[in-house]
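Residue numbers (the working numbering): 37 to 706.
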């Protein structure tokens, strides 16, 4: 065993990142694997009659050492993938994937589980049996020996390809970052210009280097005032994988997933994945996306018409009245003309630390009674990261929250939550939850200013963090965010409602230099209900969801020879014009589905938003916010996967969710 597989002895057993080296990560994962192998061998060879404790619970706790090691390793693979860390990533991920197969296909283990009399079990014990058995079946435990060997080989290939796709996606973000001239960078704030100039110098380039974020449309497209600058930035983003390497890997992944699905008894990968989801089916998801696409595209066309008229734009083509690189700017300008929100003034009032402490943390205190104290005595995973202790209003400890907010070349794009430790009473561990974002880091002592989208992302990701922090599960695999992909986004989306709540918004919208509050008229306009821009944002999202399902409803095991053509056809067949509205992610950089856990699952954001919009409606009806938060915490957030998530939803809402609040929110009502 190593110092990463054992409890560290630090407060909350926080991992000692000061000791971490690539060799230590590799050896720790190996030690964790060996420890679980020994534990599982003991389970299978136990001479006593199989029961819940000596079989299911023993298996549940057999991975403690490995979980500690992989939590640190996979955190670094995403958040600080230096050249040295990247050098071991493929080896470690392959090692872990092979081990997971070895465990679920371990000779005699599944048979022993089947011997357990689970009929008299209740609560979390019954749920653990149900979830574990379903996972084993989905992992091929009921295949014959030949089938299991085929499955292991397929999984190994998929792991290698997915790791390589993720590596390329991160590298493409770095390599494609454009350098704008002084003229092209017009519109950026003085502080932003200083930061981008420093970034260009660090990269050995002239001008202003704009780091890319994961989606196709880049935040600075709404700010740059020259079409030349916007076009250069947009094309750098949308063409970042144009060499075809990552798209070819994506096509190989999709083909192997069909082969895997067939082996497990499904026609498509989408059917395989959705068989594990909450009361849904592939046809139901297709119907939902089609239902939403028609009004969303109509709204987007109406938005484009207003943008083109207001800005006097020359149409790119008859079918594309607004060029893709002009749309974000047009949406911002026309929106500010109609709703009166001054985007530049707003950003000056969105200083990161204030948004975090007086916005995100204040909301968690208002709704859930939580308090946050920054810790400076624990080893940071990166110098930019910060750690807070989370405490109940009665003084009881909850866990630790790690925030790593600034972009860097060693960090993959996007924003996410991950756990360095799962909170579970069976292991006695408190949760250690991380939020990682990619906000541009300021230079020269300037404050870090957020865009409005980044503010929403901070609240969104902290909704995931709350799901992990407030878990009250006994078993780690049932704790926190260990729920289906179609449910996991729900708590994070609900948390976004507090961005504009009257008891929160005025506290964090303070001028970064003077501390003056955002003018009252701007707050009023910011909180006014508006569906402007929802046509485009919904359409680009739906395009990505449709593209995901197109790749994962393929029935052939052949590798698609023309991934770009496949993408174009899939979107046009669904009524989209990719020359006008591009998918939020294109095949070559759709990391969610080809390197993350969202294959055949990107639809989950809109599916979860049905629950979210309905739940927000409920919150707005409640007079006592703290009592409402407590009920939501007790019946949903704390439950994790200890019962079906929709049962938890009904427990606090009193009924199933309705789609009408979502349609109204996004302006999709007929």
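The beta-carbon is built from N, C-alpha and C at its ideal position, and this holds for glycine as well. Please read these numbers as outputs of a predicted model, since none were measured by experiment.
query, result
"Distance between residue 622 and residue 379 (C-alpha atoms, nearest Å)", "28 Å"
"Residue 378 in three-state terms, based on DSSP", "coil"
"Between the CA atoms of residue 113 and residue 199 - distance to the nearest angstrom", "10 Å"
"Test item: CB-CB of residue 92 and residue 164 under 7 Å", "yes"
"Contact check, residue 216 vs residue 449, beta carbons under 7 Å", "no"
"C-alpha distance - residue 707 paired with residue 64, whole-angstrom precision", "With the chain running from 37 to 706 in the structure shown, residue 707 is simply not present."
"Cα-Cα separation, residue 57 to residue 344", "54 Å"
"Exposed unless 16 or more other CB atoms sit within 10 angstroms - verdict on residue 677", "buried"
"Residue nearest to residue 111 in terms of C-alpha spacing, selected from 701, 456 and 143", "456"
"Where residue 83 sits in the DSSP three-state scheme", "coil"
"Other residues of its chain near residue 702: CB distance less than 7 Å, five sequence neighbours each side excluded", "567, 570 and 574"
"Cβ pair residue 562, residue 396 closer than 7 Å", "no"
"DSSP state of residue 420 mapped onto helix, strand, coil", "coil"
"Spatial distance of residue 139 from residue 98 (CA atoms)", "11 Å"
"Per DSSP, cross-strand counterpart(s) of residue 438", "423 and 470"
"Nearest-angstrom Cα separation, counted from residue 537 out to residue 565", "12 Å"
"Residue nearest to residue 522 in terms of C-alpha spacing, selected from 50, 532 and 317", "317"
"Cβ neighbours of residue 674 in the same chain (closer than 7 Å, five flanking residues each side left out)", "506, 507 and 508"
"For residue 460, three-class secondary structure by DSSP", "strand"
"Length-filtered (4 minimum) alpha helix (DSSP H) runs lying within the region 139-217", "145-151, 159-174 and 181-211"
"Start-end ranges of the alpha helix (DSSP H) lying completely within the region 569-648, minimum 4 residues", "570-588, 599-609 and 627-630"
"Close beta carbons around residue 230, own chain, < 6 Å, minus the five adjacent residues each side", "479 and 480"
"Validate contact between the region 400-414 and the region 428-444 using beta carbons, cut 8 Å, 3 pairs", "yes"
"Pairwise C-alpha distance: residue 226 and residue 252", "25 Å"
"Residues near residue 528 by beta carbon distance below 7 Å, same chain, minus five either side", "496, 497, 499 and 500"
"According to DSSP, residues forming a beta bridge with residue 475", "442"
"Option nearest residue 220 by Cα separation, candidates 272, 691 and 261", "261"
"First through last residue of the beta strand (DSSP E) which encompasses residue 410", "407-411"
"Selection from 359, 493 and 681 that minimises the alpha carbon distance to residue 271", "359"
"Separation of residue 484 from residue 389, as counted between CA atoms", "8 Å"
"Residues near residue 439 in its chain [Cβ-Cβ closer than 6 Å; skip 5 each side]", "422 and 471"
"Spatial neighbours of residue 157 in its chain, beta-carbon cut-off 7 Å, leaving aside the 5 residues before and after", "88 and 165"
"Proximity to residue 663 [Cα-Cα], best of 146, 602, 631 and 401", "401"
"Contact check, residue 52 vs residue 415, beta carbons under 7 Å", "yes"
"Own chain residues within Cβ distance below 7 Å of residue 257, not counting five before or after", "266, 269, 270, 361, 364 and 365"
"Endpoints, the alpha helix (DSSP H) within which residue 305 is located", "305-310"
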